[in-house]
Structures are given as C-alpha cells and as structure tokens.
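Okay, so here's the structure we're looking at.
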Amino acid sequence: MHIYLLQAVTQNPDSSYWYLPVGLQLLFAIAFVGLMMGVTHLLGPSRKTADKLSNFESGIESVGNARQPMAVKYFLVAILFVLFDVEVIFFYPYAVNFKSLGWEGFLAVMMFVGFFLCGFIYIIKKGALKWED
Amino acid sequence: MSTAQHIWTVIGVLFVLLNIAAGLIWVERRLLALWQDRLGPNRAGPLGLLIVLADTLKLFFKEDWIPPFASKAIFVVAPAIVAGTVLISFVIIPFAPNIVVADLNIGLLFFLAMSSIGVYSIVLGGWASNNKYSLLGALRGASQMIAYEVFMGLSLMGVVMLSGSFNLGAIVEAQRDLWFVVTQPVGFLVFFIAGVAETHRLPFDIPEAESELIAGFHAEYSGMKFGMFFIGEYLGITLISAMTVTLFFGGWLGPSFLPPLVWFILKTFFFIGVFILLRASLPRPRYDQLIEYGWKVLLPLVLANLMITGAVALYLKDS
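Residue numbers (the working numbering), protein chains in the order written: chain A, 2 to 134; chain B, 1154 to 1472.
See below:
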C-alpha cells in the first residue's frame, strides 16, 4: 500500500505543474459558456409584452414580492452544515495518514468521533431537524 | 507534456463531454420510453437521434428573457456557474492510464470543492429570479445539496484510507486486485445516494419539483441560460457516474480484451443508465423526509463505516 503513496508523490514531483491544465480547462469552460449565452442572446427574438413583466406563477395572480423573510429551518440546516463540514475536514488528513498513525491515532479519532456524536445527539434531541414543531 | 499537448487534451475532453451531455437528452428520453412502455422520440432522423440537434437549435432561437424584476447580473452569472464548475470538475478524472487532463495529488478534494461551488448557481439563480417559487426551490436546493455534501465527503474517506491517497490515478491502481465496492459497499451506496441528491436528479429533484414549484429555481430562465442548467444537470450525472466508477468500480481496469478507455466508458454509461432507471421508477420524497433521512440514517451509517474500515484495516496490517 505504501507503494501507492510513494507513486502519488513521485508521479508529479512538482504538483503545481498540473495547475496549468486546470487553468486552461477553466479558460475554455468560461469561453464556451460565454459564447453559448452570447449567441442565444443575439439569435433569439425580443418581444416585449405586458404579460412578461410579471412573475411566472402558473397563472395565479401574483401577490407581493419574493424578497420576504424565509423559514428559519432552512437556515438551521445551513448552520449544521458549517459545523459538521468543519468537523469532516479533520478526517481528511487522518484518512490519508492513518496507516502510519496506527492504533494510537485510531483511538484519538475514536475520541473525536465521540465528541462529534455528542453534538449530533444534542441537535437531534433539540429537534433541529424536525420540520413540524 | 508541452502546453500545446495540454491544450489539445483540454479541447478533446471538453468536446467529448459536451457531445455526451447533448446525446444524453436522446438516451434519457429513449430509455424512459422503454421503461414506461412508450416509443419515445422517433421522428427526427434515424431512431430519433436528430432530436438532439433540434432541441439545441430550438434553445438557441428562443427569446433570451431577462426579467425586469430580477437582479440582472446575478441572474446571468448563475447558469454560467453550474456549467462551468461541472466542466472543470472533469480535469481530475483518469479516463485511461495516460488520458487525464490534470493528475492532481489532491484530486478528490478538488472534486468536492467544485461540487460545493455548484451550490451557488442554484441559490443565486433562484434568489435573483425574484419569484416565490424560484426562491423556495433555491432554499430547498441549498439545504439539500450542502447537507448531502457532508455525507458525500465522509463516504469517500474509506476509499482514501484504503488507497492512502487523494490522487485518483493512485486510487484506481489500488483497486487492481479488488474493486473498492467489495470492501466499501456502504461507502459506495452513500456516495451514490448523495450523488443523486447533489445533482438534484429524481427522485431527489425537490428544488425543481415541477408539480409543486413549476420548475423551481430555473422557472424564470429561457433560451440557452436554461440550456446551461440543462447541460449542468446532464454533465453532473456523467461526473457522478464517472467518479463512482473511478472510486469504487476500478476505473479503467478490466479484462484486457477491451482497451482501458472502453472499459471506463462502458462502466460510466452503466451508471448513467442507473440514474435514468431511478427517475423512471421512484416517487419523489418530501423535503423534510429527505433531510431527516440524510442526517439520521446516512450520517451515522457513514461514521460507522469509517470506524469499522479503520479498525479492520489496522487489524489486518498488524496480523
């Protein structure tokens, strides 16, 4: 298994070398998207009618504006994501190095998962994921 | 490799990808028709293949409508983000032993980062449309995609532990004896489910749910701007299928009677077929069911998978 680790390093001694093609792909992707949206803007007709000035809501009379307060439940999921994703980030370096860290590292991560689960059980008991109160 | 070679690889990969994205329109409609006992598109050209061309031309000649009530700059940028991020994600996929755009040593992290940026297109597009249905779609899409990103990231950790690398080429090489789907079945299932949620495909198409939200976050889009969301969705399916194959099904590895590239394409198309079969056969869950399923089922499952993988791998190493 260690061979693969070595391979990943020796394969590209200068890993920044590979960011050139990434940049190229980025350039071409942006050029393609820009071209497509530019061409459709030029080719398509442009007829301004009064009906197009209102929101498309399946023909129901539109009431008010969409710039309104939204359900806080969506926001709660976003906050949970921030918390949990930061915790997940700690797993990445462990996962790459776990063979060299051995049982000691494994026990440390078990402890971390324990804390992680305590927080998880707390938010479930708090009902953060329940849609209906 | 010289810069010119890099440019040709990039152009080649993009050309093939965009053709696949367009061709999937036909593949999806024909397969759905097959599974629903219909004929599907069969008028334009042989087997209805020219429907792809007809659809593309139609999108070009539709009015490119930017609503006066929308936030214009954000409204225009949003569809570009989804198509752009998915196209860039493909740089890390090893199509065959020597065919890869960029052999990044952090390939897996690059993929996760790009799929995170993809969330912006839905949020910004839905919000900028200034339409209540779009806003609801955007909110649902945002919370669904960011929640499932956590599980997606965690489900890949088992693969990283077994191969000891974030480099996708090294991950494929590590599967020479045994595909990771055998050692990581839970990781595979969670990754695939999270992949369906990330690409917001049926049955998890809650952000666009046409029967409740018209078309959700892209209700106000028209012309090729709508087309960009379309391309983004089809390329997203291709990307998740290609990643599934690379991470769990041995990538380009296969018996030598077919070249590696053919094996990779065959396996990828199998998973694209699975995506379409899911659409043909499963009903859509409610938003709260989806979120609860993710946090209460997938997260504990994937954490247990991580710990068991670690314990077993260390035990096997010691003995």
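Don't be surprised by glycine CBs; every beta carbon is placed ideally from N, CA and C. The model shown is predicted, which means the values in this text are computed figures rather than measured ones.
Open item on the list: Quick check: the Cα distance between residue 1339/B and residue 1378/B, rounded to an integer number of angstroms?
Closed with: 37 Å
- [ ] Kindly confirm or deny that the region 1272-1280 of chain B and the region 1425-1437 of chain B touch, where touching means at least three C-beta pairs closer than 8 Å.
- [x] no
Task: residue 23/A versus residue 1244/B - alpha carbon distance - done: 6 Å
- [ ] Return the CA-CA distance between residue 1454/B and residue 1467/B, expressed in angstroms with no decimal places.
- [x] 20 Å
Open item on the list: So, at 7 Å on beta carbons, what are the nonlocal neighbours of residue 1281/B in its own chain, with the 5 sequence-adjacent residues on each side left out?
Closed with: 1223, 1224, 1227, 1228, 1231
TODO: Jot down the residue ranges of each uninterrupted alpha helix (DSSP H) in the region 1346-1420 of chain B, minimum 4 residues, whole runs only, in chain order.
DONE: 1363-1366, 1376-1401
TODO: Taking all protein chains shown into account, decide if residue 1310/B is buried (16 or more other Cβ within 10 angstroms of its Cβ) or exposed.
DONE: buried
Open item on the list: Strictly below 7 Å CB to CB, what residues from chain A border residue 1361/B?
Closed with: What residue 1361/B touches in chain A: nothing, since even the nearest Cβ is about 14 Å away.
Task: Proximity of residue 1300/B and residue 1444/B at Cβ, strictly below 8 Å - done: yes
TODO: Determine the direct distance from the alpha carbon of residue 1206/B to that of residue 75/A, and round the result to whole angstroms.
DONE: 40 Å
Task: Same chain, Cβ closer than 7 Å to residue 1325/B, neighbours up to 5 away in sequence not counted - done: 1247, 1399, 1403, 1404, 1405, 1406
Open item on the list: Let me make sure I understand the geometry here. Which of 1305/B, 1408/B, 1420/B, 1315/B has the alpha-carbon closest to that of residue 100/A?
Closed with: 1315/B
Task: Three CB pairs or more closer than 8 Å across the region 1408-1417 of chain B and the region 72-87 of chain A - done: no
Open item on the list: In the DSSP assignment, the alpha helix (DSSP H) including residue 1458/B goes from what residue to what residue?
Closed with: 1452-1471
Task: chain D contacts from the region 1286-1299 of chain B (Cβ-Cβ distance under 9 Å) - done: In the structure shown, chain D does not exist; the protein chains are A and B.
TODO: Tell me, please, whether the CB atom of residue 113/A is closer than 8 Å to any CB atom in chain B?
DONE: no
Task: Reduced DSSP category for residue 1095/B - H, G, I as helix; E, B as strand; rest coil - done: Because chain B here runs from 1154 to 1472, residue 1095/B falls outside it and cannot be looked at.
Task: N-terminal and C-terminal residue of the alpha helix (DSSP H) that residue 86/A is part of - done: 73-126
TODO: Could you pull out every residue in the same chain whose Cβ sits closer than 7 Å to the Cβ of residue 1167/B, ignoring the five residues on either side in sequence?
DONE: 1240
TODO: Could you pull the start and end residues of the alpha helix (DSSP H) that residue 1326/B belongs to?
DONE: 1321-1326
Open item on the list: Between which two residues does the alpha helix (DSSP H) holding residue 1096/B run?
Closed with: Any answer about residue 1096/B is impossible in this case: the structure gives chain B only from 1154 up to 1472.
- [ ] Run the proximity test for residue 1424/B: is its beta-carbon closer than 7 Å to any non-hydrogen atom belonging to the ligand GTP?
- [x] Questions concerning the ligand GTP fall outside what the structure shown contains, since it holds no ligand whatsoever.
Task: Nearest to residue 1361/B (by Cα), restricted to the options 1423/B, 1383/B, 1203/B, 1348/B - done: 1383/B
- [ ] Below 6 Å CB to CB, which residues in the same chain sit around residue 80/A once its five sequence neighbours on both sides are set aside?
- [x] none
TODO: Could you round the C-beta distance between residue 87/A and residue 1318/B to whole angstroms and report it? I think they count as a contact, below 8 Å.
DONE: In fact, because the Cβ distance is near 23 Å, the residues do not count as touching under 8 Å.
Task: Nearest-angstrom Cα separation, counted from residue 1376/B out to residue 1218/B - done: 8 Å
Open item on the list: Is residue 1173/B close to chain A? Criterion is C-beta to C-beta, closer than 8 Å.
Closed with: no
Task: Test: residue 45/A CB closer than 8 Å to a CB of chain B - done: yes
TODO: Could you tell me which chain B residues have their CB closer than 8 Å to the CB of residue 22/A, listed as they occur along the chain?
DONE: 1159, 1162, 1163, 1244, 1254, 1255
Task: First through last residue of the alpha helix (DSSP H) which encompasses residue 50/A - done: Unbroken run through residue 50/A: none, as it is neither H nor E.
Open item on the list: Please report the distance separating the alpha-carbon of residue 1157/B from that of residue 38/A.
Closed with: 27 Å
- [ ] Report the option in 1457/B, 1159/B, 1221/B, 1295/B whose CA atom is closest to the CA atom of residue 1268/B.
- [x] 1295/B
Open item on the list: Need the endpoints of the alpha helix (DSSP H) that residue 1268/B sits in, please.
Closed with: 1260-1281
Task: Minimum Cβ-Cβ distance from residue 1386/B to chain A less than 8 Å - done: no
TODO: Say whether chain A places a C-beta atom closer than 8 Å to the C-beta of residue 1450/B.
DONE: no
Open item on the list: If distances are taken between C-alpha atoms only, which option among 1252/B, 1161/B, 1191/B comes closest to residue 29/A?
Closed with: 1161/B
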